[in-house]
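Structure first, then comments.
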């Protein structure tokens, strides 16, 4: 049961294999959807609501990091998944990358890399572009703000 969600009307097209949805709620409530993926374009402070709605609708949930904004929120989400008898998985974008296993084998091979002492990471977005910036704006209720978002991405 495939689902195609496109919230941008100008890109809507219908194909034999896709279902067109006009909202996230339509996806979450669809009987043709078994699992949802909550990507990085959802502000961390808003993910909980989408996760809970998805679980309550009987969906398995894959969530791009961060899954929650606190340990207590994380535990409540895990409990909700257990009660719904559904899976919830974080870091889907990283964990399911086909090359990650080989990458990890390479960088942990001491003969090739030696002993890793420091790893540095950086992240850049063109925050002055309103079309891009709208997806990275931080919810004012998010107690950790943009530093947390950037930290999760780099880690």
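Residue numbers (our numbering): 1261 to 1415.
Quick reminder that beta carbons are idealized off the backbone N, C-alpha and C, glycines included.
Keep in mind that this is a model prediction, so the values were computed, not measured.
{"Check": "Residue 1332 classed as buried or exposed, judged by whether at least 16 other C-beta atoms fall within 10 angstroms", "Outcome": "exposed"}
{"Check": "C-alpha gap between residue 1362 and residue 1369, whole angstroms", "Outcome": "11 Å"}
{"Check": "Distance, residue 1313 Cα to residue 1329 Cα", "Outcome": "17 Å"}
{"Check": "Residue closest to residue 1298, alpha-carbon to alpha-carbon, out of 1315, 1377 and 1291", "Outcome": "1315"}
{"Check": "Whole-number beta carbon distance between residue 1307 and residue 1327, since they are thought to touch under 8 Å", "Outcome": "7 Å"}
{"Check": "Local conformation of residue 1294 per DSSP, three classes", "Outcome": "coil"}
{"Check": "Residue 1364 classed as buried or exposed, judged by whether at least 16 other C-beta atoms fall within 10 angstroms", "Outcome": "exposed"}
{"Check": "Residues bridged to residue 1322 (per DSSP)", "Outcome": "1297 and 1349"}
{"Check": "With 16 other Cβ atoms within 10 Å as the buried cut-off, status of residue 1305", "Outcome": "buried"}
{"Check": "Per DSSP, cross-strand counterpart(s) of residue 1344", "Outcome": "DSSP lists no partner for residue 1344."}
{"Check": "Unbroken alpha helix (DSSP H) run spanning residue 1309, endpoints", "Outcome": "1304 to 1316"}
{"Check": "Range covered by the alpha helix (DSSP H) that runs through residue 1284", "Outcome": "1284 to 1288"}
{"Check": "Which of helix, strand or coil DSSP assigns to residue 1280", "Outcome": "strand"}
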